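Visitor:
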Amino acid sequence: MSGGARAEVADESSHAPAVGMPDGRATQHEARRYRALRPGDRVAVVAPSGPAEPARLEAGCAVLRDLGLDVVVGKHALDRVNLGAAGPLRDDWHQLAGGDADRAADLAAAWSDPSVRAVVCARGGYGATRVLDHLDWDALAAVTGPDPKILHGSSDITALHVAFGTRLGVTTSFGPMTAGRIADLGPAATGADDVLTRDGLRAALFGTDQDVLTGTHALAPGRAEGPLTGGTLTLLTALLGTPYAPPLAEGRIVFLEDVSEAPYRIDRMLVQLLQARWFDGAAGVVLGSWERSGDPAELDAVFSARLGPLGVPVLAGVPAGHGPRQRTLELGAPALLDAEALTLRAPGGAR
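For what it's worth, this note's numbering labels the leading residue of the sequence shown as 1223, then goes sequentially.
1) Can you confirm whether the region 1317–1330 touches the region 1299–1308 when touching is taken to mean that 3 or more C-beta pairs between the two stretches lie within less than 8 Å?
2) Write down the C-beta distance between GLY1437 and LEU1566 rounded to the nearest angstrom, noting that I regard them as a contact closer than 8 Å.
3) Can you have a look at ALA1248 and say buried or exposed, based on whether 16 or more other CB atoms are within 10 angstroms of its CB?
4) Note down, in chain order, each residue of its chain lying with its Cβ closer than 7 Å to the Cβ of ARG1514, except the 5 sequence neighbours on either side.
5) For GLY1246, count the other beta carbons within 10 Å of its own beta carbon; 16 or more makes it buried, fewer makes it exposed. Which is it?
6) Which stretch, first to last residue, makes up the beta strand (DSSP E) that contains ASP1480?
7) For THR1430, count neighbouring C-beta atoms within 10 Å of its own C-beta (all shown protein chains included) and say buried if the count is 16 or more, exposed if not.
8) CA-CA distance, HIS1439 and LEU1537?
9) Do three or more CB pairs link the region 1330–1338 to the region 1262–1271 at distances below 8 Å?
10) Going by DSSP, which residues form a beta bridge with ASP1292?
11) Looking at the secondary structure, which residues open and close the beta strand (DSSP E) in which HIS1163 lies?
12) State the DSSP-derived secondary structure class of GLY1452, mapped to helix, strand or coil.
13) Under three-state DSSP, which class holds GLY1510?
14) When DSSP builds the beta bridges, which residues end up paired with CYS1215?
15) In the DSSP assignment, what residue or residues form a beta bridge with PHE1396?
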């Protein structure tokens, strides 16, 4: 398999399967870019996945307020339920931030509220895929309009990024979350990683100058441009074969990251995507952080072996994903990858 050095819109005559898209093909239209925030805009914090710690949720909301935003919190953001059937809450079991229908209701209410300009997710964990079937996509599309609001989050929220991008035709914002890394970015946070993360978040949400992310090393040389796609590897593979499967990466720059995944599991997921022909025609690959995922040298060997045959530039060590340095990326927006210069030039935010 091989990819192009320059991204182009996928040709509708392509015979490559779209691994689960309802019509058997990847979407072809250009995504509408979300509108940048302005001081005083209202943002809604919702929890589509795991439960948030109240203190960290409030700390993250305080950071968003310090950015000049009016913050409201979803009705069920602090709910907790067990993964299985309803019953007494077990603290030693995995939990979700409320029932599937309740988490979906908070998300839909925020997206449909005309006074809300951004929907910011509280945290990841697990549960976003269970929300997808509870959303009325026709209703959400009807209220999206030509000037979309922002959906912001990362990790498990990759499932929502894919679905919103495909079904609503909008760009979305992949970056730190309210009860996660954002909660650490208060006024006392002056470390280099904190400043980098906070400045990147501000640039993406408020649409300042174009952002340039620098990787640490190239696994394959070259330059590529095209819309940015991808997210957390585990979620991308979990969506394959479902009605919410990610469109083919043809003509796109693929961003991948994950956390606490052994190299053999990462290898297995990459093989799954390759066997599904999802990478066919990809313009390039950008690898973010791989926190607590084994020996970096072994990971590089895995990435080189699996992604090298694509024949496209591969840039590693970009500070996005999990970990202390979490830059924000606008998925679906045009980007320029220069593996030899170790840079990913991405929009600093929308119009």
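Positions of the beta carbon are idealized from the N, C-alpha and C atoms, including for glycine. Computed from a predicted structure; not experimentally measured.
Guide: The relevant details are as follows:
1) Yes, the region 1299–1308 is in contact with the region 1317–1330.
2) 7 Å
3) Because the pLDDT of ALA1248 is 38, which lies under 50, any placement of that residue in the model is unreliable, and the question is left without a value.
4) Hits under 7 Å: VAL1481 and SER1482.
5) Bear in mind that a pLDDT of 35 at GLY1246, under 50, signals an unreliable position, so the number given afterwards is only what the model happens to contain. Around the beta carbon of GLY1246, a 10 Å sphere encloses fewer than 16 other beta carbons of the protein chains shown; the residue is thus reported as exposed.
6) Note, ASP1480: beta strand (DSSP E), 1475–1481.
7) exposed
8) 6 Å
9) yes
10) Residue pairing for ASP1292: DSSP places it in a beta bridge opposite ARG1264.
11) Because the chain is modelled from 1223 through 1573, residue 1163 falls outside the range shown and cannot be assessed.
12) strand
13) Strand.
14) With the chain represented from 1223 up to 1573, any question about residue 1215 goes unanswered, as that position is not in the structure.
15) GLY1375 and LEU1551
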